[in-house]
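Below: the structure, in structure tokens.
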Amino acid sequence: MDMKKRIHLELRNKSPSDVRELVLDNCRSPDGKIEGLTSEFVNLEFLSLINVGLISISNLPKLTKLKKLELSDNRISGGLDVLAEKLPNLTHLNLSGNKLKDISTLEPLKKLSNLKSLDLFNCEVTNLNDYKESVFKLLTQLTYLDGFDEEDREASSDGEVEGDGDGVDDEDDEDGEEEEDEDGEDFDEEDDDEDEEEVEGEEDDDEVSGEDEEEDFGQDGEGDEEDEDEDDDEDGEKRKREAEDEEDDDDDEDDD
Numbered sequence: 001m002d003m004k005k006r007i008h009l010e011l012r013n014k015s016p017s018d019v020r021e022l023v024l025d026n027c028r029s030p031d032g033k034i035e036g037l038t039s040e041f042v043n044l045e046f047l048s049l050i051n052v053g054l055i056s057i058s059n060l061p062k063l064t065k066l067k068k069l070e071l072s073d074n075r076i077s078g079g080l081d082v083l084a085e086k087l088p089n090l091t092h093l094n095l096s097g098n099k100l101k102d103i104s105t106l107e108p109l110k111k112l113s114n115l116k117s118l119d120l121f122n123c124e125v126t127n128l129n130d131y132k133e134s135v136f137k138l139l140t141q142l143t144y145l146d147g148f149d150e151e152d153r154e155a156s157s158d159g160e161v162e163g164d165g166d167g168v169d170d171e172d173d174e175d176g177e178e179e180e181d182e183d184g185e186d187f188d189e190e191d192d193d194e195d196e197e198e199v200e201g202e203e204d205d206d207e208v209s210g211e212d213e214e215e216d217f218g219q220d221g222e223g224d225e226e227d228e229d230e231d232d233d234e235d236g237e238k239r240k241r242e243a244e245d246e247e248d249d250d251d252d253e254d255d256d
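According to UniProt numbering, the sequence shown is numbered sequentially starting from 1.
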């Protein structure tokens, strides 16, 4: 499908001013030109022209709200000065797989003051010595080159560095861990206190039981002694009565 027809299909029941994203990947571009795309797309923010056979971007329309431009796998070798003129608010530019050979070819991008991310994968320029350092030095407004910042931290899909760039989340996590540890320690101390109370309670129970046993033993002992005294009294009275009976018997015999 050629590019002009594809754009026509994208506009079904819509006007160009309603379109915010336009993907024209793999469309045929006669003579390497962009056909059907005009400055009427005033609200366009994302434009993808991957593998459409572009040789030049000189006939790009002026799109002041465009922020992201995908130009991967084309045959662009220069002429980047048109970008600052027609796409002044561009923040992301992908030129991977094009014919860019020299750092100087990138110099017009200095005028794109809002440019934060630039991709040059599979371009010959990436084979130069000190490529990364040279590009960051040339384009000081850049945050990411080929998906990484100057500290080799990878950008996420939304363009932010993966992980905790400012360390705030790390601090929060550490605070959270400390709080958990403190809570855990308090909990352990409470458990220890409870265990000590239980042990003390058991010891008290043992002491009470011992005292009860001693009291019982004492009471039983006293009872036994009283019983023995009563038995002794009974035996004494019995022996006394027997002796009296014997004396009475002797008296009777004498009378006879």
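Idealized CB from N, CA, C, for every residue including glycine.
Rounded to the nearest angstrom, the Cβ distance from Ser-39 to Leu-63 is 7 Å, consistent with a contact under 8 Å. Counted as a single uninterrupted DSSP element, the beta strand (DSSP E) harbouring Ser-117 occupies residues 117-119.
For Asn-74, the closest C-alpha among the options Leu-115, Arg-6 and Ser-96 is that of Ser-96. Per the DSSP secondary-structure output, Arg-28 pairs in a beta bridge with Asp-2.
Nearest neighbour of Glu-85 by Cα position, chosen from Leu-100, Leu-71, Lys-110 and Ser-72, turns out to be Lys-110. Contact annotation: Leu-37 and Arg-20 have beta-carbon atoms that are not nearer than 8 Å. Within the region 81-121, the runs of alpha helix (DSSP H) at least 4 residues long that lie entirely inside it are, in chain order, 81-86. Glu-133: member of the alpha helix (DSSP H) spanning 131-138, first to last residue.
Check the Cα spacing between Leu-83 and each of Leu-11, Ser-134 and Pro-108: the tightest is with Pro-108. Ranked by Cα distance from Val-52, the options Asp-31, Val-42, Phe-46 and Ser-58 are led by Asp-31. With contacts defined as CB atoms closer than 8 Å, Leu-60 and Ile-76 fail to qualify as a contacting pair.
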